[in-house]
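Under the numbering used here, think of the first position of the sequence shown as 421, with each following residue one higher.
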Amino acid sequence: MPQITFLLPGGGTQTLEAGDAPTVMHLAIRHDLPGMPAECGGQLACATCMVDVAEAWRGRLPAPSPDELDMIEDTIGSVPEGRRLCCQIAVTPEVDGLVVRIPGRQG
Ligand code: FES
Numbered sequence: 421m422p423q424i425t426f427l428l429p430g431g432g433t434q435t436l437e438a439g440d441a442p443t444v445m446h447l448a449i450r451h452d453l454p455g456m457p458a459e460c461g462g463q464l465a466c467a468t469c470m471v472d473v474a475e476a477w478r479g480r481l482p483a484p485s486p487d488e489l490d491m492i493e494d495t496i497g498s499v500p501e502g503r504r505l506c507c508q509i510a511v512t513p514e515v516d517g518l519v520v521r522i523p524g525r526q527g
């Protein structure tokens, strides 16, 4: 079962068993992690599920879609290196050990 580590906006770290969570966003919501409103529930319509993927993982995840990148850019004006909408990161066996940082602000 994949484990995913979240670096929390106020400091601190939480490593969670993904269980049957379909996406990284769902995992964060289920554990009520701070800084993750995920207002649209994963519909790629809110950009309030942003994370920064740890550098070592950036080339190991499936690439973001153009719509995901557009949503980030429309919200914060650019796409910082490693920035993703975590409702678009599927939980698969390949993401075991993934590390993401929840930014201090969503948008
Ligand atoms: S939860 Fe709304 S875009 Fe990810």
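Ideal Cβ placement from N, Cα and C applies to all residues, glycine included.
The three-state reading of DSSP puts residue 468 in coil, since its state is none of H, G, I, E or B. Rounded to the nearest angstrom, the gap between the Cα atoms of residue 494 and residue 523 is 17 Å. A distance below 7 Å between beta-carbons, with the five flanking residues on each side excluded, links residue 442 to the following residues of its chain, in chain order: 510, 511.
Burial check for residue 476: the Cβ neighbour count within 10 Å stays below 16, so the residue is exposed. Excluding sequence positions up to five before and after residue 502, its CB lies within less than 7 Å of the CB of 472, 473, 475, 478, all in the same chain and listed in chain order.
One Cα belongs to residue 461, the other to residue 507, and the distance between them is close to 8 Å. The beta carbon of residue 489 sits closer than 6 Å to those of 499, all from its chain and outside the five residues before and after it, given in chain order. Residue 422 and residue 518 have their C-alpha atoms some 8 Å from each other.
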